[in-house]
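A.B. asks: Going down the list, the sequences are from chains A and B.
To convert, note that position 280 of the first sequence is 291 in this note's numbering; the numbers rise steadily by one, no gaps.
To convert, note that position 110 of the second sequence is 128 in this note's numbering; the numbers rise steadily by one, no gaps.
The C-beta atom is built at its ideal place from N, Cα and C for all residues, glycine as well.
My questions will all concern the structure given below.
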Amino acid sequence: MHQIKEVEEKGLRKERIDRPIKARTDDIYFLSSFREILYLLGPRIVLILFLLLFPVFSPNPYVLRIFELTCASAIIALSWDFLVSSVGLVSLGHALFFGLGGYIAASFSAYLGFPIFLTIPIAMVGGAAISTLLILPCLRLRGIYFALVTLIYPLLLVRVIEATAILGGTLGITDVEGFPNYLVEVYLVVIALLISFFGLRRLLNEDIGMVLRAIRDNDQMVRASGINVTSYRALGVFISSMMTSFAGAYVAHLYMFVGLPHFGLDYSIFPIAATIVGGIGTISGPLIGSFLLLPASEALRALGPLRIVLYALLLVVFIVGKPEGIMSYLQRKYHQIERWIEV
Amino acid sequence: MQEILNVLIYGLVQSSYLALVSIGFSLTYGISRMPNFAHGALYILAAFIVWIGLNVLGLTHIFSILVAILIAAGIGGLLYWGVLIRVRGMEASEIIATFALSIVIVELIRYFGFFGTSYGLPPFFEGVVTIGGITIDYQRIIVIATTFLLVLFLWVFTHHTKLGLGFRAIAQDEHVAMMLGIDSDLMAALSLAFGSALAALAAVVWTPITQIASEAALNVLLYAMIICILGGLGSTIGVLIASLVIGYSQILTSTLIGPEYQMIVPLAAILVILIVKPSGIFGKQKELEERV
Chain A
12 MHQIKEVEEK GLRKERIDRP IKARTDDIYF LSSFREILYL LGPRIVLILF
62 LLLFPVFSPN PYVLRIFELT CASAIIALSW DFLVSSVGLV SLGHALFFGL
112 GGYIAASFSA YLGFPIFLTI PIAMVGGAAI STLLILPCLR LRGIYFALVT
162 LIYPLLLVRV IEATAILGGT LGITDVEGFP NYLVEVYLVV IALLISFFGL
212 RRLLNEDIGM VLRAIRDNDQ MVRASGINVT SYRALGVFIS SMMTSFAGAY
262 VAHLYMFVGL PHFGLDYSIF PIAATIVGGI GTISGPLIGS FLLLPASEAL
312 RALGPLRIVL YALLLVVFIV GKPEGIMSYL QRKYHQIERW IEV
Chain B
19 MQEILNVLIY GLVQSSYLAL VSIGFSLTYG ISRMPNFAHG ALYILAAFIV
69 WIGLNVLGLT HIFSILVAIL IAAGIGGLLY WGVLIRVRGM EASEIIATFA
119 LSIVIVELIR YFGFFGTSYG LPPFFEGVVT IGGITIDYQR IIVIATTFLL
169 VLFLWVFTHH TKLGLGFRAI AQDEHVAMML GIDSDLMAAL SLAFGSALAA
219 LAAVVWTPIT QIASEAALNV LLYAMIICIL GGLGSTIGVL IASLVIGYSQ
269 ILTSTLIGPE YQMIVPLAAI LVILIVKPSG IFGKQKELEE RV
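Dropping the structure here:
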């Protein structure tokens with residue numbers, strides 16, 4: 012309050028300018044010192060070191076379990092963000108991809124006795140292929156169709172499993188193989204997260220990423236350039252669902268169980284909340300969002316179903332009040348100098 | 019013969035129910051192009067309010083129904099003025115915001131203990147009537163009658179009242195309508211309020227036949243969306259035709275194959291329509307807009 016008064020008296024306003032390094036590195040890609048290299052690589056190195064070293068310094072298995080779940084959720088959030096911000100498709104049913112991955116991995120493991128290093132790749136490719144095929148009919152349309160259809164599928168698959176009692180029915184599949192030891196368990200998901208994070212960034216800067224973003228911005232224009240919009244969208248859905256299917260398979264093996272909760276609303280709403288809170292379309296936003304939201308919701312476990320209410324309210328608040336998310340704030344702080352100047 | 023008559027009558031009941039829950043969603047989308055993903059949540063909220071009015075506050079049935087419809091309409095209007103007005107035109111944000119609010123409402127209701135099958139509403143009139151050997155209770159006849167009256171009312175409303183004409187004007191061309199002095203924001207808020215009130219109406223008429231269960235929120239939303247896609251988003255005649263198609267095929271499936279396969283029918287219908295004619299049965303004028 013005091014500061015505002017002072018600002019008004021003196022007629023000050025806040026000025027923001029890009030840091031010199033930022034301006035230079037953005038425009039001419041010329042780095043002249045280790046300091047500048049560190050400026051660019053710093054956040055990445057911090058992220059990688061954090062993910063790799065956290066398991067070493069957390070002897071508590073409960074904290075470690077939450078860390079693993081957070082990484083898996085971050086992969087889901089990344090894939091949701093990829094789908095919405097680069098392909099322009101709003102998915103309300105990432106639980107579909109998640110559940111398919113989980114169920115495929117679990118059935119291959121429990122019924123056919125496949126080892127874990129085979130079930131997870133099979134679940135990734137199989138889950139992605141099935142999801143893409145299921146969603147293919149509505150990829151030719153724009154508008155709310157995609158959201159509607161993705162919302163319908165998980166609910167429907169739950170009904171089908173309940174009605175026909177296949178794949179364990181309402182009880183789920185219980186005798187899924189667990190991970191051999193905790194190092195594999197932790198580092199599998201950490202490395203998968205790092206690969207998806209840096210892989211997506213690379214992908215978006217390649218030609219294919221540009222085409223995908225162009226489809227989001229103006230599909231008619233892309234079509235006029237002789238590019239098949241539907242197949243590129245299908246590719247986007249395939250990539251996104253492959254990532255989420257991995258998370259599903261991983262969580263199935265982690266809990267050594269897969270059941271109807273795998274298709275639950277939580278897995279659809281969490282990636283949305285994490286992405287919106289973190290910052291949509293930034294790739295690092297969903298990561299930050301997940302690492303904020305999942306531990307927080309774990310701490311609020313006592314609230315039970317009210318946790319989802321909190322997620323959803325947070326979502327509304329952010330989408331109405333701060334649609335660009337936390338990440339844009341952090342980026343601003345990192346890349347810009349702020350100072351008060353006289354008007 | 020008996021079987022056929024049974025399918026005919028109960029198919030009509032099911033179709034009326036489907037039309038009742040979908041008209042509100044279709045109307046809102048048709049007028050202001052805003053998908054109200056909180057439609058199902060408002061439906062269940064209305065049933066909940068009537069139950070509270072009857073059992074906790076001891077109000078009369080008709081008064082609780084009026085209160086429920088008014089509250090739903092109010093929430094719909096507030097939804098626009100509070101949330102949607104700030105994200106209007108950004109489809110992703112509209113969908114996410116309304117969906118999130120729907121989750122808030124449903125989970126709060128669930129938190130206060132409304133799930134399972136132990137809560138019900140009394141029918142308007144007790145009793146059954148027998149038509150050609152088929153017994154049907156009065157409440158189901160009321161459902162059919164309500165749907166017919168509602169369609170009639172909507173037709174008169176959109177063709178012969180100033181507000182209804184304003185709705186149609188905004189739906190057809192928002193910019194021209196604004197030049198003619200129609201307030202786009204007001205119309206959008208009213209259309210949301212109207213759609214929500216229709217969801218509440220569907221709830222108070224249909225709930226006496228089943229129970230109040232928070233799971234119904236998603237079902238109602240799904241039905242509304244499926245019917246609207248099948249009939250063509252925003253087309254009222256399309257909603258009626260699609261309700262008849264889905265309603266009768268559901269009843270046929272449940273008599274011939276088994277009731278647990280009822281839910282497969284709408285999904286199959288939606289896949290077929292998306293492949294064959296994506297803009298729906300009556301979505302002609304918007305056909306080009308929606309196709310990539």
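Strictly below 8 angstroms CB to CB, what residues from chain A border I247 of chain B?
C.D. replies: Along the second sequence, one-based indexing puts residue 247 of chain B at 229. Under the 8 angstroms cutoff, chain A gives Y156, L159.
A.B. asks: By the 7 angstroms beta-carbon criterion, what residues does the segment 108 to 128 of chain B contribute toward chain A?
C.D. replies: Flagged, chain order: E109, A110, S111, I113, I114, A115, F117, A118, L119, I121, V122, E125, L126, R128.
A.B. asks: Note down the Cα distance separating I227 of chain B from H79 of chain B, rounded to an integer number of angstroms.
C.D. replies: Sequence index remark: in the second sequence, residue 227 of chain B carries index 209 (1-based). Sequence index remark: in the second sequence, residue 79 of chain B carries index 61 (1-based). Answer to the nearest angstrom: the Cα atoms are 15 angstroms apart.
A.B. asks: Look at the alpha carbon of F119 of chain A and the alpha carbon of M135 of chain A, and state the distance between them as a whole number of angstroms.
C.D. replies: For the purposes of this step, residue 119 of chain A is taken as the residue at position 108 of the first sequence. For the purposes of this step, residue 135 of chain A is taken as the residue at position 124 of the first sequence. C-alpha separation (whole angstroms): 12 angstroms.
A.B. asks: What's the gap between the Cα of V74 of chain B and the Cα of V68 of chain B?
C.D. replies: Along the second sequence, one-based indexing puts residue 74 of chain B at 56. Along the second sequence, one-based indexing puts residue 68 of chain B at 50. If I take the Cα positions, the gap works out to 10 angstroms.
A.B. asks: Alpha carbon to alpha carbon, how far is Y28 of chain B from S272 of chain B? Give it in angstroms, no decimals.
C.D. replies: The count along the second sequence starts at 1 and reaches residue 272 of chain B at position 254. The count along the second sequence starts at 1 and reaches residue 28 of chain B at position 10. Roughly 11 angstroms separates the two Cα atoms.
A.B. asks: Counting only beta-carbon atoms, is E192 of chain B nearer than 8 angstroms to chain E?
C.D. replies: Checking the listed chains, one finds no chain E in this structure; the protein chains it contains are A and B.
A.B. asks: What span of residues does the beta strand (DSSP E) with V147 of chain B cover, start to end?
C.D. replies: For the purposes of this step, residue 147 of chain B is identified with residue 129 of the second sequence, where counting begins at 1. Taken as a continuous stretch (DSSP letters only), the beta strand (DSSP E) holding V147 of chain B covers 146 to 149.
A.B. asks: Take every Cβ of the segment 41 to 60 of chain B, pair it with every Cβ of the segment 286 to 298 of chain B, and state whether three or more of those distances are shorter than 8 angstroms.
C.D. replies: Flag = no, the segment 41 to 60 of chain B and the segment 286 to 298 of chain B do not touch.
A.B. asks: For L215 of chain A, which of A:V98, A:L63, A:P31 has the nearest alpha-carbon?
C.D. replies: The sequence position of residue 215 of chain A within the first sequence is 204, counting from 1. Selected option, being the one with the closest Cα: A:V98.
A.B. asks: Select from B:I288, B:S253, B:A286 the residue whose C-alpha is nearest the C-alpha of G48 of chain B.
C.D. replies: Reading the second sequence from its first residue, position 30 is the one you call residue 48 of chain B. Measuring from the Cα of G48 of chain B, the nearest candidate turns out to be B:S253.
A.B. asks: By the criterion of Cβ-Cβ separation under 8 angstroms, what are the contact partners of R104 of chain B in chain A?
C.D. replies: Along the second sequence, one-based indexing puts residue 104 of chain B at 86. Near R104 of chain B (Cβ distances below 8 angstroms), the residues of chain A are V331.
A.B. asks: Specify whether the segment 255 to 262 of chain A and the segment 300 to 313 of chain A touch according to this definition: at least 3 beta carbon pairs, one from each stretch, less than 8 angstroms apart.
C.D. replies: The segment 255 to 262 of chain A vs the segment 300 to 313 of chain A: no contact.
A.B. asks: Given a threshold of 16 other Cβ atoms within 10 Å of its Cβ, counted over all protein chains shown, does P140 of chain B qualify as buried or as exposed?
C.D. replies: Working through the second sequence from its first residue, we reach residue 140 of chain B at position 122. Its Cβ having fewer than 16 others within 10 Å, P140 of chain B is exposed.
A.B. asks: Select from the segment 62 to 91 of chain A all residues with a C-beta closer than 7 angstroms to any C-beta belonging to chain B, and list them in chain order.
C.D. replies: Residues: none.
A.B. asks: Cα-Cα, which of A:S69, A:E335, A:G22, A:A285 is closest to I86 of chain A?
C.D. replies: As a working mapping, residue 86 of chain A is identified with position 75 in the first sequence. Measuring from the Cα of I86 of chain A, the nearest candidate turns out to be A:A285.
A.B. asks: Between G104 of chain A and L162 of chain A, how many whole angstroms is the CB-CB distance? I'm expecting something under 8 angstroms.
C.D. replies: Taking the first residue of the first sequence as position 1, residue 104 of chain A is located at position 93. Taking the first residue of the first sequence as position 1, residue 162 of chain A is located at position 151. Indeed, because the Cβ distance is near 5 angstroms, the residues count as touching under 8 angstroms.
A.B. asks: By how many angstroms is the C-alpha of C149 of chain A removed from the C-alpha of A235 of chain A?
C.D. replies: Position 224 of the first sequence, counted from the first residue, corresponds to residue 235 of chain A. Position 138 of the first sequence, counted from the first residue, corresponds to residue 149 of chain A. When rounded, the distance between both Cα atoms is 20 angstroms.
A.B. asks: Could you pull the start and end residues of the beta strand (DSSP E) that W173 of chain B belongs to?
C.D. replies: As a working note, residue 173 of chain B is residue 155 in the second sequence. W173 of chain B -> not in any beta strand (DSSP E); alpha helix (DSSP H) instead, spanning 156 to 178.
A.B. asks: Which whole-angstrom value is the C-beta distance of I264 of chain B and V25 of chain B, which I expect to be below 8 angstroms?
C.D. replies: On the second sequence, position 246 is the one that residue 264 of chain B refers to. On the second sequence, position 7 is the one that residue 25 of chain B refers to. With 8 angstroms as the limit, I264 of chain B and V25 of chain B do not qualify as a contact, their Cβ atoms being about 14 angstroms apart.
A.B. asks: What is the DSSP secondary structure of I379 of chain A, counted as helix, strand or coil?
C.D. replies: With chain A covering 12 to 354 only, the question about residue 379 of chain A has no answer from this structure.
A.B. asks: With DSSP as the reference, please indicate the residues paired to T181 of chain A in a beta bridge.
C.D. replies: In the first sequence, residue 181 of chain A corresponds to position 170, counting from 1. DSSP lists no partner for T181 of chain A.
A.B. asks: I want to verify the contact list: residues of chain A whose CB lies under 8 angstroms from the CB of L289 of chain B, in sequence order.
C.D. replies: The residue given as residue 289 of chain B occupies position 271 in the second sequence. By Cβ distance, chain A contributes P148.
A.B. asks: Who are E26 of chain A's beta bridge partners in DSSP?
C.D. replies: Your numbering for residue 26 of chain A matches position 15 in the first sequence. BP columns for E26 of chain A point to A:R350.
A.B. asks: Taking C-beta pairs closer than 8 angstroms, name the residues in chain B that V101 of chain A reaches, listed in chain order.
C.D. replies: One-based indexing of the first sequence puts residue 101 of chain A at position 90. Per Cβ cutoff of 8 angstroms: E109, A110, I113, I114.
A.B. asks: Return the residues of the segment 84 to 105 of chain B that lie within a Cβ-Cβ distance of less than 7 angstroms from chain A, sorted by chain order.
C.D. replies: Within the segment 84 to 105 of chain B, the residues whose Cβ lies closer than 7 angstroms to some Cβ of chain A are V101, R104, V105, listed in chain order.
A.B. asks: Please check if any C-beta of chain A sits within less than 8 angstroms of the C-beta of L36 of chain B.
C.D. replies: Within the second sequence, numbered from 1, the residue matching residue 36 of chain B stands at position 18. By this cut-off, L36 of chain B is not an interface position.
A.B. asks: Run the CB neighbour count on E26 of chain A, radius 10 Å, all protein chains shown included, and call it buried at 16 or more, exposed below.
C.D. replies: Here residue 26 of chain A is taken as the residue at index 15 of the first sequence, counted from 1. Answer is exposed; the Cβ neighbour count stays below 16.
A.B. asks: Could you list which residues in chain B have their beta carbon closer than 7 angstroms to that of P31 of chain A, in chain order?
C.D. replies: Your numbering for residue 31 of chain A matches position 20 in the first sequence. The premise fails here: P31 of chain A is roughly 35 angstroms from chain B at the closest Cβ pair, so nothing lies under 7 angstroms.
A.B. asks: Should F249 of chain A and A139 of chain A be called a contact, given that it needs their Cβ atoms to be closer than 8 angstroms?
C.D. replies: By 1-based counting over the first sequence, the position of residue 249 of chain A is 238. By 1-based counting over the first sequence, the position of residue 139 of chain A is 128. Going by C-beta atoms, F249 of chain A is nearer than 8 angstroms to A139 of chain A.
A.B. asks: Taking just the CA atoms, how far does M221 of chain A sit from R213 of chain A?
C.D. replies: Residue numbering aside, residue 213 of chain A sits at position 202 when the first sequence is read from its first letter. Residue numbering aside, residue 221 of chain A sits at position 210 when the first sequence is read from its first letter. Spanning the two alpha carbons is a distance of roughly 11 angstroms.
A.B. asks: My parser needs the alpha helix (DSSP H) runs of 4 or more residues fully inside the segment 281 to 319 of chain A; what are they?
C.D. replies: Listed in chain order, the complete alpha helix (DSSP H) runs (minimum 4 residues) inside the segment 281 to 319 of chain A are 295 to 310.
A.B. asks: Helix, strand or coil for T228 of chain B? Go by DSSP, reduced to three states.
C.D. replies: Taking the second sequence and counting its residues from 1, the one referred to as residue 228 of chain B is at position 210. Coil at T228 of chain B, not helix or strand.
A.B. asks: Over the uninterrupted alpha helix (DSSP H) stretch that includes C82 of chain A, give me the two end residues.
C.D. replies: In the first sequence, the residue the question calls residue 82 of chain A occupies position 71. Where C82 of chain A is concerned, the enclosing alpha helix (DSSP H) stretches over 72 to 92.
A.B. asks: Quick one: Cα of P296 of chain B to Cα of I288 of chain B, how far?
C.D. replies: Counting from 1 along the second sequence, the entry for residue 296 of chain B is found at position 278. Counting from 1 along the second sequence, the entry for residue 288 of chain B is found at position 270. Each residue's alpha carbon lies about 9 angstroms from the other.
A.B. asks: Would you say Y312 of chain B reaches chain A, if we count a Cβ-Cβ gap shorter than 8 angstroms as a contact?
C.D. replies: In this structure chain B extends from 19 to 310, so residue 312 of chain B is not present and cannot be described.
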